[in-house]
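J.: First the structure, which I've put down as C-alpha cells, then a few questions once you've had a look.
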Amino acid sequence: MTKKRPSKTAKAALKILNESKLLATAKEQNEPKTSQEFKPENPSARTSTANKSRPEKKRG
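With this note's numbering applied, the sequence shown corresponds to residues 39 to 98, in that order.
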C-alpha cells in the first residue's frame with residue numbers, strides 16, 4: 039500500500055508540534071538545575087470533590 043500524503047492541516051499540526059518540542063528542549067537547557075530543588079516532591083493534596091462517584095441517573 040502507498041502512504042497517503044499528509045493534508046495541509048496535518049502538515050501544520052506537525053510543524054506546530056515540532057516547534058513546541060524545540061521550545062521545550064530549549065527551555066530545559068536554559069532553566070537552571072537549582073530551581074528543581076525548591077519544588078515540593080509531593081504536590082499539595084487536593085480536595086476529594088473530584089473523586090466522588092457520579093450519582094446514578096434514572097433512565098426512562
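Using N, Cα and C, we set each Cβ at its ideal position, and we do this for glycine too.
1) Work out the CA separation of residue 58 and residue 51 for me, nearest whole Å.
2) Please report the straight-line C-alpha distance between residue 92 and residue 43, rounded to a whole angstrom.
3) Hey, quick one: how far does the alpha helix (DSSP H) through residue 91 stretch, first residue to last?
T.: So, to answer that:
1) Working through the sequence shown from its first residue, we reach residue 51 at position 13. Working through the sequence shown from its first residue, we reach residue 58 at position 20. For residue 51 and residue 58, the distance between alpha carbons rounds to 11 Å.
2) Position 54 of the sequence shown, counting from 1, holds the residue named residue 92. Position 5 of the sequence shown, counting from 1, holds the residue named residue 43. Approximately 44 Å, taken between the alpha carbons.
3) Start at 1 with the first residue of the sequence shown, and residue 91 comes out as number 53. No alpha helix (DSSP H) contains residue 91, which DSSP labels as neither H nor E.
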